[in-house]
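The opening residue of the sequence shown carries number 0 in numbering that gives the first Met the number 0; numbering runs sequentially from there. Data first, discussion second: the structure below is written as structure tokens.
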Amino acid sequence: MKKITFLRLKSNKFGGAERYLQRLQEELKKRNIDFEIKHSSAPNFLASWIKAVWFNLESCLFKGNKFYFSLDRISCPDIYRAGDGVHRKFLKIENKSKINPLHLVYLFIEKRAFNRAKRIIAISNMVKKDIIEEYGIDPDKIEVIYNGIPLKEKVLFDNIKKEFGIINEKILLYVGSGFKRKGVKEALDIIAKLKGDFKFFIIGKEKNLQWYKNYAKNLGIEEKVIFTGPRTDVDKFYSMADIFIFPTKYEPFGSVIIEALNFENVVFTTKTCGGGEILPKEWIIDENIVGKIQSLLNNPEALEKSKKEAKEIAKNFSIEKNVEKTLKVIHEVID
């Protein structure tokens, strides 16, 4: 097989796409497939829109006969994995101004990425639908391949319980950076209406963290909510948790969905999260969400049954299955 060049603008150990790329690398090495990773050479101090233009130019001007599998918006991909979703759709959902130079650049490059790619990998049916509706792309050009993760068993978390003074409380969990888009305010609103002995852990990076701490305090739930910041031991929190709440406004898939399921978390997310497609319909957030969660907190047997169901769902979404499907698309394009 021809050498594959994977492109991703930046390397961020906490980013979903970056973690997926790391997992993909590990699987490709096991298969002795030749590949390289290309990140941007742009200095960090530059504005985000300039870095996007820089990466696009350096990738496309010097492509030559390389085979590009891009995980970022560029104008010259052979295969484009739309892991960041459809920016034009995101702007409509968030009602953001297109005058911002970053949005203008993203829209300019995104259109060319979808039109010029030989094949597109959408990470959910929601994303495929958005690509077709927003850009009129031929559905046959788009392959839906859900995210995959290394499936694991639960890990010991005694040190986490000790660190945060947990005794026998039920644990609710949120994991993700960028709190506004991913719905942390909405999660706190849900938590404020729940009754019982529980703690809600919020893990992730957020520049406006103090606002969310103040909001939790104003809701009178500061004793129930624990903001940890980014952690490298997230598996311990998943292992400790019972219920995972992810009320995102727009998420192309969200590997945290599978990660939480894998560790036997009952997962609640929105219909604007691609990962919601793999969940039972009753786990999609609606006007009855508080009652659904409260019912599980009040009924240990029902909670345990749902947690076992979560584990069974996760078994269908291993990184190995994802890589097999991804390699099939790569072979089809190269051959």
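All C-beta atoms in this analysis are idealised placements derived from N, C-alpha and C, irrespective of residue type, glycine included.
So, is residue i buried or exposed, given that buried needs 16 or more other C-beta atoms within 10 angstroms?
{"i": "R30", "result": "exposed"}
{"i": "P229", "result": "exposed"}
{"i": "L155", "result": "exposed"}
{"i": "F252", "result": "buried"}
{"i": "I92", "result": "exposed"}
{"i": "G177", "result": "exposed"}
{"i": "S305", "result": "buried"}
{"i": "N55", "result": "buried"}
{"i": "P138", "result": "exposed"}
{"i": "P246", "result": "buried"}
{"i": "G63", "result": "exposed"}
{"i": "T231", "result": "exposed"}
{"i": "L260", "result": "buried"}
{"i": "G195", "result": "exposed"}
{"i": "D129", "result": "buried"}
{"i": "D71", "result": "buried"}
{"i": "E25", "result": "exposed"}
{"i": "K1", "result": "exposed"}
{"i": "I166", "result": "exposed"}
{"i": "S96", "result": "exposed"}
{"i": "A301", "result": "exposed"}
{"i": "S69", "result": "buried"}
{"i": "E258", "result": "buried"}
Would you mind working out which of the options sits nearest residue i, comparing C-alpha positions?
{"i": "A313", "options": "V328, G275, I333 and H330", "result": "G275"}
{"i": "K212", "options": "I189, K184, D234 and K192", "result": "K184"}
{"i": "Y237", "options": "K169, C272 and I277", "result": "K169"}
{"i": "L27", "options": "I333, N321, V332 and D334", "result": "N321"}
{"i": "F199", "options": "F178, T227, K179 and R72", "result": "T227"}
{"i": "V224", "options": "I201, I159 and T271", "result": "I201"}
{"i": "T325", "options": "K304, R22 and L302", "result": "R22"}
{"i": "V143", "options": "E152, P149, K151 and K127", "result": "K127"}
{"i": "P76", "options": "P299, I3, L101 and V266", "result": "I3"}
{"i": "K206", "options": "G195, D232, N217 and K179", "result": "K179"}
{"i": "V255", "options": "L90, F163, D129 and Y145", "result": "Y145"}
{"i": "K310", "options": "D196, I189, Y249 and E263", "result": "E263"}
{"i": "I318", "options": "V332, I283, A51 and L20", "result": "L20"}
{"i": "V104", "options": "N94, M125 and S74", "result": "S74"}
{"i": "A191", "options": "K307, V266 and K216", "result": "K216"}
{"i": "K37", "options": "I49, P299 and F61", "result": "F61"}
{"i": "K160", "options": "L193, K153 and K235", "result": "K235"}
{"i": "K307", "options": "V265, I283 and E281", "result": "V265"}
{"i": "E221", "options": "I333, I277, D188 and R18", "result": "D188"}
{"i": "E280", "options": "F267, G290 and Y67", "result": "For the record, residue 280 in the displayed sequence is Lys; it is not Glu. It is F267."}
{"i": "K270", "options": "I78, G182, V332 and E303", "result": "G182"}
{"i": "F89", "options": "C59, M125 and I78", "result": "M125"}
Give the DSSP-derived three-state secondary structure of residue i in the structure shown.
{"i": "S47", "result": "helix"}
{"i": "Y67", "result": "strand"}
{"i": "E205", "result": "coil"}
{"i": "S382", "result": "In the structure as shown, the chain begins at 0 and stops at 334. Residue 382 is therefore absent and cannot be evaluated."}
{"i": "I159", "result": "helix"}
{"i": "Y237", "result": "helix"}
{"i": "S305", "result": "helix"}
{"i": "L326", "result": "helix"}
{"i": "F252", "result": "coil"}
{"i": "F178", "result": "helix"}
{"i": "I198", "result": "According to the sequence displayed, residue 198 carries Lys and not Ile. Three-state DSSP puts K198 in a strand."}
{"i": "L6", "result": "strand"}
{"i": "L187", "result": "helix"}
{"i": "I73", "result": "coil"}
{"i": "K310", "result": "helix"}
{"i": "V318", "result": "Looking at the sequence itself, residue 318 is Ile, so the reference to Val does not match. Reduced to three states, the DSSP call for I318 is helix."}
{"i": "K1", "result": "coil"}
{"i": "I165", "result": "coil"}
{"i": "I220", "result": "coil"}
Taking 7 Å as the cut-off, does the CB of residue i come closer than this to any heavy atom belonging to the ligand MN?
{"i": "P246", "result": "The model depicted lacks the ligand MN and carries no ligand whatsoever."}
Cβ contact check for the stretch 290-306 and the stretch 239-254: 3 or more pairs under 8 Å: yes
Ranges of the beta strand (DSSP E) found wholly within the stretch 254-303, counting only runs of at least 3: 265-268
Complete runs of the beta strand (DSSP E) confined to the stretch 80-155 [at least 3 residues]: 118-121 and 141-143
Those runs of the beta strand (DSSP E) which lie wholly inside the stretch 13-45 and span at least 3 residues: 34-37
The stretch 145-153 touching the stretch 98-114, judged by at least three CB pairs closer than 8 Å: no
Any 3 or more C-beta pairs closer than 8 Å across the stretch 171-190 and the stretch 39-52: no
The stretch 72-90 contacting the stretch 115-134, beta-carbon criterion three pairs below 8 Å: yes
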